[in-house]
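First up is the structure itself, then whatever we jot down about it.
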Amino acid sequence: MPRSSLTKKPTTNTSEQTRRNGHHETRNRYLEELAVVADGSDEENEEEDEIGDQAMENVDGEEEEERDGDWDDAVTEAMSVVGESQESGAGRSEFLEELMQKIVLDQRKRVHFKKDKIHKKYKENVEETKQAVNTLFENHETESARIHNTQINRLQELLENKAKLEAEMESLVANMQYSYATHCRDLRIVAKHHITLLLRTVSE
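Residues in the sequence shown are numbered consecutively from 20, following this note's numbering.
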């Protein structure tokens, strides 16, 4: 077997292994740079993140999964394009730089879109809470006024009944006084009559 055929395969395997290692290193480097860019973007918007973190408690976990899925899809797509560009070997540096800028820009747009969505949801929740509190107080005031009016009406009825009972009691007392005075007068007349009869009997 010729000597050149013996050395050809190791050279091919070595170049293929080097290319694969280059892919892995490039991918790891892109992921690290994207993580640094994302951290820098979060530090610049720290005040907005505090509001967003408060609102995140009211947002479903599906949005976070959707965001992670979009990010993974973007990285996968970018890596596939990078692999093709590395294999072609034409304008790789410029293409990678443009691709990196595009990925960062798209990620920032996604972050701002998610933050705007969270802020909108937070404002909607605040408005709904205010409306619920106002409605609760209005209903409480209405119910309290209704109960107060009912108690006032009942108190008026009781006062009217009291006045009627007092009038009836006064009428009964007046009738009893008149009857008592009449009986007293009759008793006096009877007593005088008996006294007169006794005096006549004694004198005879």
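C-beta: ideal position from N, C-alpha, C; glycine also.
- In the assembly as shown, ILE214 is an exposed residue. Its beta-carbon has fewer than 16 other beta-carbons within 10 Å.
- Apart from the 5 residues on each side of it in sequence, LEU206 has no Cβ closer than 7 Å to any other Cβ in its chain.
- With fewer than 16 other Cβ atoms inside 10 Å of its own Cβ, ILE208 counts as exposed.
- Taking C-beta separations shorter than 8 Å and ignoring five residues to either side along the sequence, ARG165 has no partners in its chain.
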